[in-house]
Structure formats: structure tokens, C-alpha cells
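This report refers to the structure that appears directly beneath it.
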Ligand SMILES: Cc1cc2nc3c(=O)[nH]c(=O)nc-3n(C[C@H](O)[C@H](O)[C@H](O)COP(=O)(O)OP(=O)(O)OC[C@H]3O[C@@H](n4cnc5c(N)ncnc54)[C@H](O)[C@@H]3O)c2cc1C
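In this note's numbering, the protein residues as written are 9 to 518.
Dropping the structure here:
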């Protein structure tokens with residue numbers, strides 16, 4: 009069932025069993041899991057079914073520190089969320105990503121990779137991915153042209169990516185959600201406050217507002233906040249009527265440890281007679297599987313570096329291509345155009361016969377950093393909510409890790425495939441800790457309500473429940489304790505399915 013909350017009588021009271029705030033990848037994945045159950049599910053979406061400039065404006069906010077994309081356009085504020093923009097790159101996190109690593113401060117999750125396995129398998133079809141297979145051998149059997157370079161996998165191994173078409177949750181799931189008998193979707197229902205009881209042990213309701221000046225109240229047994237990392241933190245911090253520092257923030261962790269992937273070119277790779285390189289190449293929005301080069305757990309440990317991978321981009325296309333950070337604008341139409349033309353322009357580079365040349369492009373986890381954080385600004389949006397402010401901060405560890413990843417790949421590809429890797433200038437001086445202007449994030453927001461069993465070190469527990477509050481859960485990549493190398497959406501959908509199973513058990517026994 010769908011209701012436009014602008015058409016409700018002012019001060020309406022809505023009641024249900026569970027209330028999901030935000031209808032993006034996480035919120036819709038959660039709602040689909042509860043379809044056709046006996047429970048009444050309220051799904052609150054701040055925007056409508058189409059892009060709406062006035063709704064998008066509510067996301068605007070300041071950024072400081074390392075240059076970042078404009079907050080106004082970095083996430084989409086309508087049904088389907090940012091899946092209206094995403095590019096569909098998917099891969100699984102590695103075992104090491106969940107472990108505590110003594111060389112990565114604040115690393116370690118309270119769950120293991122194995123705990124997510126069944127949920128990864130269930131998430132694949134939601135994102136229209138292929139079979140739950142991320143082993144190179146499986147894909148080689150399907151297509152013998154996918155030939156790997158003969159690398160020593162104890163040093164550099166082949167990590168498989170699958171590509172979603174990409175699934176636009178608005179187009180794919182709108183009718184299913186609207187027609188579901190037990191799902192009550194409200195659009196133009198911006199949650200501006202989460203109201204706790206006196207001792208802040210339980211959430212009683214959330215306040216919903218829209219620009220028509222109407223305010224409504226939603227009551228439920230359980231609340232799941234699925235607005236993505238920046239808005240998740242903003243909502244907890246600004247819900248401060250009972251808890252002055254914000255909900256879940258007794259230990260000053262909400263908003264901290266904001267993580268992105270550093271996405272950056274690092275070197276140029278020239279290979280004499282490489283044979284087939286189909287395995288590594290990406291035709292944007294067409295390729296369904298490819299490999300990136302990843303560094304083994306052993307080498308990460310030996311060199312005390314972060315986890316990251318490198319992909320191959322044909323040098324003729326990549327050398328002069330500006331980074332996403334340089335081209336992304338506040339304007340949706342310009343961004344849509346940029347995305348649709350991605351990788352289509354060639355540079356005049358001449359490549360000698362018999363050679364192939366690539367740019368090696370890194371996507372690396374950012375180390376969890378308490379100073380990289382979302383806070384509330386003094387300025388308010390049109391609904392009276394304090395705007396989000398983001399301070400993005402990188403450290404020496406990210407830069408040193410990128411350099412070492414390119415050195416290791418250079419040595420390995422040189423040995424195995426008569427290749428030569430030339431580090432880009434910004435990586436050549438080991439003492440230089442500055443970042444070049446083409447440094448970019450991947451539009452991946454993680455952290456801000458990080459997971460830890462210790463309330464002093466995290467905001468949510470291993471089930472994504474906010475510490476100290478009985479019925480408040482966070483869904484999505486805001487719960488990540490570390491960022492791993494892969495793009496976040498497959499893992500955040502998997503984590504949401506796991507949360508959903510947990511909640512079903514809980515509600516059954518309550
Ligand atoms: C250009 C681009 C390319 C990307 N490519 C990839 C990729 O290739 N692979 C990958 O894994 N990821 C990619 N991403 C990231 C991906 O889009 C996100 O990881 C994913 O959409 C996050 O899902 P989510 O549900 O947490 O947040 P969102 O999808 O942003 O959904 C949040 C929802 O909450 C709603 N909402 C927000 N605040 C409120 C409120 N106060 N009240 C009510 N509702 C609210 C929003 O309107 C929205 O519908 C990309 C992102 C961008 C911008």
C-alpha cells in the first residue's frame with residue numbers, strides 16, 4: 009500500500025510492528041524480506057517516486073578536510089535511493105577484512121566472513137547478480153577466454169567482481185512494494201526525530217515531516233534506520249531531546265570513523281605480448297564479470313598495509329580521464345551525463361606494436377579513523393533539521409599502502425608477463441604524504457555507526473542493534489567496522505538480510 013504523507017491529515021498517527029526508515033538498497037531489501045508475513049511493516053521514504061530538487065536540497069551540507077563530493081548530490085533522496093546512480097560493481101569482503109590487524113588501528117569486526125556467507129548468497133539475486141561464485145576457476149570454466157596472467161597467488165591473486173545491470177531499486181521493486189498487502193509505504197515522509205523513552209532504553213516513535221508543513225508520528229515495536237551512513241549519523245545525532253549527545257552516542261562514537269574507498273590511479277603497466285586480457289577489462293555497463301589484482305593476506309601482514317585491489321584500464325582511455333572527484337557536480341543532469349559517457353574518450357597516446365598498455369587503478373580501504381567524521385552543522389534545512397557536516401581525513405597508511413600495492417603488482421607482473429610498471433609521480437617520493445588533486449572517493453559511505461561488541465568502541469552490536477537501546481537498529485554500511493576493498497552495496501544488502509533474520513527471531517519470541 010502506498011500513501012503520500014503530504015495528503016494525510018496533519019498530526020496523523022501511524023502504527024505498525026516494524027518501522028523501516030529509508031527506501032534505498034538497505035531499506036527495500038529489508039522490506040522485501042517481510043513481505044507476506046503477518047507483521048505490519050511501515051516503510052518511510054523521505055522523497056517521492058521521482059527525483060525532486062527540493063528533497064535533494066535537504067541533503068546539502070559542508071565538507072572539510074580532504075576534498076569531497078558535494079553532499080547534496082552524493083546520495084539520491086527518493087524511493088530507490090542511490091541505486092538510481094550506482095554502477096553495479098560487486099564483490100565480497102575477504103576473511104582478513106573482519107579480523108583485528110595490529111597494523112590497522114580500530115580494525116576487527118565482532119562477526120566473521122563465514123557469518124555473512126549465507127546472506128551473500130541470498131543478496132545476489134536481489135542485485136541481479138550471477139551465481140554466488142567468486143572463484144576464478146568457476147568463471148574460467150564458463151569462458152575459456154578468461155585467461156589469468158601466471159602470477160604467484162601467494163603474493164598477488166585474482167579477485168573476482170560481478171556486475172549488477174545495475175539494478176535500479178525504484179524501477180525493479182516499486183510495484184512489488186506498493187502491491188504488498190502488509191507493507192505500508194509512505195513517501196514524502198522525512199524522519200526528523202527519533203523519540204526515546206525517559207531513560208533512553210526504548211524508542212517510542214519517530215517524527216515525520218514534509219515541506220507542506222505537516223507533521224506525523226509513527227509508532228512501532230522495532231525501528232530500523234536505513235538512510236545510509238551520513239544521514240544515519242545525522243538522524244541519531246539530531247535526535248537529542250532525551251539524550252543530549254544524540255542517540256547511541258554516550259561514548260562519542262556516532263558519526264566517527266566515516267570511511268570511503270580511496271579510488272586513484274597509481275601506475276602505468278606496459279606488457280609485451282600479454283595474450284588475452286579479457287579477464288581484466290571492463291566495458292562499462294556491459295561486462296558481467298572481471299578480475300582485479302589483489303594482495304595476499306600474507307603480504308598485507310608482512311608489509312603492514314591496508315587491503316586494496318588494482319584494476320586495468322586501457323591507457324588510451326584512462327591517461328587523460330579526470331577523476332570522479334574532479335568531475336562530479338551538484339547538478340544531477342550533469343552527473344547522469346558524466347556517468348553515461350564514462351570511459352568513452354581516447355587520448356592520442358601511441359602504443360608500439362606488440363605491446364598493450366594499461367593504467368592500474370586502485371580501490372583501497374581507508375583505515376578506520378575517529379577524526380574522519382560526520383557532525384551536525386549549526387545551519388538547518390527547510391524541515392528544521394541541523395545539516396550534516398563531513399570532515400574526510402586520510403592518513404599516511406593509505407598512501408603507503410597504495411605505493412606498496414603497485415610495487416608488489418609491478419614486481420609480480422614483471423616476473424610473470426614481461427611487464428613493466430611505472431609508478432605515477434605522486435607515489436615516487438616515499439616521504440611525500442600529500443595527495444594529488446585527482447584523489448577520489450568511490451561514492452562509498454561507510455562507518456559512522458560502527459559495529460563492535462564493546463559499547464565504548466562502537467555504536468551497534470553484532471546484530472546491528474544500537475547499544476543500550478532495546479528496539480533501535482541501524483541498517484547498511486554505516487555499521488561497517490572496516491571498509492575492505494570492494495564496493496559496499498553487496499555486503500550492506502547481505503548484512504541487512506542477516507539483520508532481518510535476527511529481527512524475525514526476536515519478534516517471534518516477543
Ligand atoms: C555514482 C555512484 C556510483 C556508485 N556505484 C556503486 C557500485 O558500483 N557498487 C557499489 O557497491 N556501490 C556503489 N555506489 C554506492 C551505492 O549507491 C550505495 O552503497 C547504496 O545505494 C547504499 O544503500 P542505502 O540503502 O544504504 O542508501 P541509499 O541507497 O542512499 O538509500 C537511502 C534512502 O533513505 C532515504 N532517506 C534518507 N534520509 C531519510 C530520512 N530522514 N527520512 C526518510 N527517508 C530518508 C533516501 O531518500 C533513500 O531512499 C555508488 C554510488 C554513487 C553515488
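Heads up, the beta-carbon is just placed ideally off N, CA and C, and yes, glycines get one too. Fair warning: this is a prediction, and the values are worked out from it, not measured in the lab.
Residue i to residue j span [Cα, whole Å]
{"i": "residue 507", "j": "residue 472", "result": "7 Å"}
{"i": "residue 362", "j": "residue 322", "result": "15 Å"}
{"i": "residue 90", "j": "residue 356", "result": "35 Å"}
{"i": "residue 422", "j": "residue 364", "result": "13 Å"}
{"i": "residue 248", "j": "residue 254", "result": "4 Å"}
{"i": "residue 150", "j": "residue 501", "result": "27 Å"}
{"i": "residue 233", "j": "residue 479", "result": "11 Å"}
{"i": "residue 108", "j": "residue 120", "result": "11 Å"}
{"i": "residue 137", "j": "residue 498", "result": "10 Å"}
{"i": "residue 489", "j": "residue 34", "result": "17 Å"}
{"i": "residue 127", "j": "residue 393", "result": "35 Å"}
{"i": "residue 554", "j": "residue 139", "result": "One cannot answer for residue 554 here, as it falls past the ends of the chain, which runs 9 to 518."}
{"i": "residue 271", "j": "residue 307", "result": "21 Å"}
{"i": "residue 16", "j": "residue 225", "result": "11 Å"}
{"i": "residue 376", "j": "residue 349", "result": "33 Å"}
{"i": "residue 301", "j": "residue 433", "result": "21 Å"}
{"i": "residue 368", "j": "residue 320", "result": "5 Å"}
{"i": "residue 294", "j": "residue 269", "result": "23 Å"}
{"i": "residue 457", "j": "residue 464", "result": "12 Å"}
{"i": "residue 358", "j": "residue 166", "result": "29 Å"}
{"i": "residue 409", "j": "residue 245", "result": "33 Å"}
{"i": "residue 161", "j": "residue 318", "result": "14 Å"}
{"i": "residue 204", "j": "residue 180", "result": "35 Å"}
{"i": "residue 516", "j": "residue 105", "result": "33 Å"}
{"i": "residue 303", "j": "residue 157", "result": "15 Å"}
{"i": "residue 175", "j": "residue 64", "result": "21 Å"}
Beta-carbon proximity of residue i to residue j, cut-off 7 Å
{"i": "residue 314", "j": "residue 372", "result": "yes"}
{"i": "residue 8", "j": "residue 118", "result": "This structure cannot speak to residue 8, because the chain is shown only from 9 to 518."}
{"i": "residue 496", "j": "residue 485", "result": "yes"}
{"i": "residue 336", "j": "residue 76", "result": "no"}
{"i": "residue 414", "j": "residue 274", "result": "yes"}
{"i": "residue 504", "j": "residue 37", "result": "yes"}
{"i": "residue 112", "j": "residue 256", "result": "no"}
{"i": "residue 396", "j": "residue 238", "result": "yes"}
{"i": "residue 195", "j": "residue 56", "result": "yes"}
{"i": "residue 326", "j": "residue 159", "result": "no"}
{"i": "residue 251", "j": "residue 199", "result": "no"}
{"i": "residue 116", "j": "residue 85", "result": "no"}
{"i": "residue 143", "j": "residue 286", "result": "no"}
{"i": "residue 280", "j": "residue 426", "result": "yes"}
{"i": "residue 6", "j": "residue 267", "result": "The requested residue 6 is not part of the displayed model; the chain covers only 9 to 518."}
{"i": "residue 178", "j": "residue 88", "result": "yes"}
{"i": "residue 331", "j": "residue 446", "result": "yes"}
{"i": "residue 448", "j": "residue 333", "result": "yes"}
{"i": "residue 147", "j": "residue 11", "result": "no"}
- Query: So, do the region 381-391 and the region 407-424 have three or more beta carbon pairs nearer to each other than 8 Å?
  - Reply: Using a C-beta cut-off of 8 Å, the region 381-391 makes no contact with the region 407-424, since fewer than three inter-stretch Cβ pairs fall below that distance.
- Task: Would you check if there are 3 or more beta carbon pairs closer than 8 Å linking the region 434-441 to the region 404-412?
- Result: Contact between the region 434-441 and the region 404-412 is present, because at least three Cβ pairs lie under 8 Å.
- Message: Is it the case that the region 213-232 contacts the region 171-185, given that we only count it when at least three CB pairs across the two stretches are under 8 Å?
- Response: With a cut-off of 8 Å, the region 213-232 and the region 171-185 do not count as touching, because too few Cβ pairs lie within range.
- Query: Quick check: the region 38-50 against the region 173-190, are there 3 or more CB pairs under 8 Å?
  - Reply: Yes: at least three Cβ pairs fall under 8 Å.
- Item | Touch test, the region 256-263 against the region 127-136, Cβ-Cβ under 8 Å, three pairs minimum | Segments in contact, no.
- Message: Could you check whether the region 337-357 touches the region 67-82, counting it as contact only if at least three pairs of C-beta atoms, one from each stretch, sit closer than 8 Å?
- Response: Yes: at least three Cβ pairs fall under 8 Å.
- Query: Taking three-plus beta-carbon pairs below 8 Å as touching, is the region 25-33 in contact with the region 47-57?
  - Reply: The region 25-33 is in contact with the region 47-57.
- Which parts of the region 124-181 are runs of the alpha helix (DSSP H), unbroken and 4 residues or longer, counting only runs that do not cross its ends? If only complete runs of 4 or more residues are kept, the region 124-181 shows the alpha helix (DSSP H) at 144-150, in order along the chain.
- Whole beta strand (DSSP E) runs in the region 42-107 with 3 or more residues, listed along the chain? Counting only runs of 3 or more, we get 49-52, 70-73.
- Message: Ignoring anything shorter than 3 residues, give me the beta strand (DSSP E) runs that lie fully in the region 378-422, in order along the chain.
- Response: 381-388, 394-400, all fully within the region 378-422.
- Item | Contiguous alpha helix (DSSP H) assignments of at least 4 residues, all confined to the region 299-379 | Counting whole runs of 4 or more residues, the region 299-379 contains the alpha helix (DSSP H) stretches 305-311, 323-326, 332-335, 340-348.
- Within the region 431-491, note down every full alpha helix (DSSP H) run reaching 4 residues or more, in order along the chain. Those alpha helix (DSSP H) runs which fall completely within the region 431-491 and span 4+ residues are 433-436.
- Completely contained beta strand (DSSP E) runs for the region 227-302, where each covers 3 or more residues: As far as the region 227-302 is concerned, its whole beta strand (DSSP E) runs of at least 3 residues are 230-233, 269-280.
- What are the uninterrupted segments assigned as beta strand (DSSP E) that are 3 or more residues long and contained completely in the region 186-211, given in chain order? Entirely contained in the region 186-211, the beta strand (DSSP E) runs reaching 3 residues are, in chain order, 191-195, 198-204.
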